[in-house]
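Asker: Take this structure, written in structure tokens, and hold onto it; I'll ask about it next.
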Amino acid sequence: MFEAFQFEFMRHALVAGILASVACGIVGVYVVVKKIVSMSGSIAHASFGGIGLGYFLRFNPVIGAMFFALISALTMGLTAKKTRLPEDTTTGIIWATGMALGIIFIGLSAGYAPDLMSYLFGNILTVPLSDLYLMAILDAVIIGIVAFFYKELLLLCFDEEYAVTAGIRVTGLYLVLLSMVALTVVVLIRVVGMILVIAMLTFPAALARLVTHSLKTMMLLSVAFGMVFTLAGLWTSYLLNLASGATIILLSGLVLLSAYLIHGLVIRVRGQKETK
Amino acid sequence: MNRTVLKIEHVNVSYGDNKVLDDVSLTVEEHDFLGIIGPNGGGKTTLLKVILGLVSPDRGVITVLGSTPVKSRGRIGYVPQISNFDRNFPVSVYEVAMMGRYSHKGLGKYYDRSDRDVVLNMLKKVGLGDYIDAQIGQLSGGQQQRVMIARALVSSPELMLLDEPTASVDPIMQTEFYELLEMLKKEMTIIMVSHDIGAISVVVDKIACLNHRLYYHGSREITPEILEATYHCPVQLIAHGQIPHRILREH
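As structure tokens, this is what we get:
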């Protein structure tokens, strides 16, 4: 596979995969343990509105996506904490509204939207250098936030009520968490596309959860699994000439499914030994 | 004269049309050990949440440790009912207990060696010295409850709130648990909520009955009249299990 890396786009793809794994590995752990998978899905899909706005006003759609993802994250967090509206209702409303806006904007923009598919389903082979810089900056921001708020985030995710009584401003912290999810969505859009973001956020973290009981180890493993999945997916898609984003997701899905089966079997065998 | 730790004056709380606390007034002094009993849905947990500032009352004033509930956060230890967290959460017993040190640290500071010593000592004190690295869900219900107690204690609280602490503790553990409470009540003020009348009357000094309205007589003697008013039906007091001495009057 190494001869593939003489091409610049392959080297970019490799770097994009690694940068994406860092963000989704760390934030994915919070998404999984705090059980905000569908909220994250909503943030990801609502970012389509920003992609449409980018096409319409002719600026980088990734910047538009970041803007929309952050706004929907903050809106969702505030409605969840400050109103009595059920969380899944807000999730649904923002999910659909963001996508509808995107479709209207794209319809309004003159001419044909050239690489629209790459935003929807990702194309790791066409990531421009400018987006790699953006991804690296967002990774640094996410690592910084987690390093600073680690003990607060642990309290928030484990026992929100106790976090309040310990004096943590949970609404603010919750908004920080959802904003990190929004930034991760932006990092992942180029690699797997906004529709498949949710898989990259959950698969590596869910797999890591099977093998460790420590949140920190879970993050490190999740980043590592993410890297293995993206690189293996990238290689497979190169060999078989398949869509890269979808190949990465299918591959990680297969690994996760087998891991669950093996995990279930191990527990059952152990259980039988203990009853004997 | 003891210092007043908690003063609740004419507090009303409703969820929609449902009146949960109705004109509740209560004064708790330093080193009191107050037990609050009452039927499920009688407002016991809500009362604790009002004291913690998690629920704001529609009417009435609450003074905790000389200030408002929100300002006194961090000085109150709280042991919630066990069901409030995900048992499979990837966190160790040590890490959960360490959360109690948060109120001494705050934003941007890391837990240090002295926090570590306090937490390890407390875990030994509650009999969990061998389980510090275990994942929280691997412990039994009673052991988890003791982790929650350790978490509340490492913050060196002035007031301790216990919500149904015996709900998931098996009978053998209960005795140990009450011994722990006996030890604690010398150091702090405790309010314990339970629907288990027999259990609560063993350790507490004062009992209040809560069923939307609070019936408080300042002693740990419960009269059948108070119980009837609380539960709205005649209640037969049945003592079972290991109760060291009988404290409820024959009736």
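Sequences listed follow chains A and E, in order. In my numbering, each number is its position in the first sequence, counted from 1, plus 1134. In my numbering, each number is its position in the second sequence, counted from 1, plus 1. Glycine included, each C-beta is placed from N, C-alpha and C at the ideal position.
Looking at the secondary structure, which residues open and close the alpha helix (DSSP H) in which H1146 (chain A) lies?
Answerer: E1142 to V1167
Asker: Taking all protein chains shown into account, do 16 or more other C-beta atoms lie within 10 angstroms of the C-beta of D1222 (chain A), making it buried, or fewer, making it exposed?
Answerer: exposed
Asker: Between G1184 (chain A) and G1198 (chain A), how many whole angstroms is the CB-CB distance? I'm expecting something under 8 Å.
Answerer: 3 Å between Cβ atoms; contact.
Asker: In this structure, how does DSSP classify Q136 (chain E) when only helix, strand and coil are distinguished?
Answerer: strand
Asker: Output needed in chain order: residues of the region 1296-1308 of chain A with a Cβ under 9 Å from some Cβ in chain E.
Answerer: Y1296, A1297, V1298, T1299, A1300, G1301 and I1302
Asker: With a threshold of 16 other CB atoms inside 10 Å of the CB of H1146 (chain A), please say whether the residue is buried or exposed.
Answerer: buried
Asker: Please classify T259 (chain E) as buried or exposed, where buried requires at least 16 neighbouring CB atoms within 10 angstroms.
Answerer: Any question about residue 259 (chain E) goes unanswered here, given that chain E covers just 2 to 252.
Asker: Helix or strand or just coil, what does DSSP make of K1285 (chain A)?
Answerer: helix
Asker: Do the region 1337-1348 of chain A and the region 1387-1398 of chain A touch if we need at least three Cβ pairs shorter than 8 Å?
Answerer: At 8 Å Cβ cutoff, the stretches touch.
Asker: Spatial neighbours of V1165 (chain A) within its chain, please: C-beta separation below 8 Å, excluding the five flanking residues on both sides.
Answerer: Excluding positions up to five away in sequence, the list reads V1171, S1174, V1315, L1335, T1336 and A1339.
Asker: So, at 8 Å on beta carbons, what are the nonlocal neighbours of V1275 (chain A) in its own chain, with the 5 sequence-adjacent residues on each side left out?
Answerer: L1317
Asker: Going by other Cβ atoms of all chains shown within 10 Å of its Cβ, with 16 needed for buried, is L1191 (chain A) buried or exposed?
Answerer: exposed
Asker: Closer than 7 Å between beta carbons: that is the criterion. Which residues of the region 54-74 of chain E meet it against chain A?
Answerer: L55 and R74
Asker: Any idea if P235 (chain E) is buried or exposed, counting beta-carbon neighbours within 10 angstroms, 16 or more meaning buried?
Answerer: Summary for P235 (chain E): the model assigns pLDDT 45, below 50, so the residue's position carries little reliability; its value from the coordinates is reported in the next sentence. Counting Cβ neighbours within 10 Å, P235 (chain E) comes out exposed, since fewer than 16 surround it.
Asker: Between the alpha carbons of I1382 (chain A) and V1261 (chain A), how many angstroms are there, rounded?
Answerer: 16 Å
Asker: Residues of chain E with CB under 9 Å from R1343 (chain A), in chain order?
Answerer: N89 and P91
Asker: Can you tell which of A:G1327, A:L1311 and A:V1167 has the C-alpha that lies nearest to the C-alpha of L1212 (chain A)?
Answerer: A:L1311
Asker: Measuring only the C-alpha atoms, how far is R102 (chain E) from I150 (chain E)?
Answerer: 13 Å
Asker: Rounded to the nearest angstrom, what separates A1417 (chain A) and L215 (chain E) at their Cα positions?
Answerer: Any question about residue 1417 (chain A) goes unanswered here, given that chain A covers just 1135 to 1410.
Asker: List, in order along the chain, the chain A residues whose C-beta lies closer than 7 Å to that of Q136 (chain E)?
Answerer: H1347
Asker: Output yes or no for whether 7 Å exceeds the beta carbon distance between F1283 (chain A) and F90 (chain E).
Answerer: no
Asker: What residue range does the alpha helix (DSSP H) around K186 (chain E) cover?
Answerer: Segment: none, K186 (chain E) is in no alpha helix (DSSP H) and carries neither H nor E.
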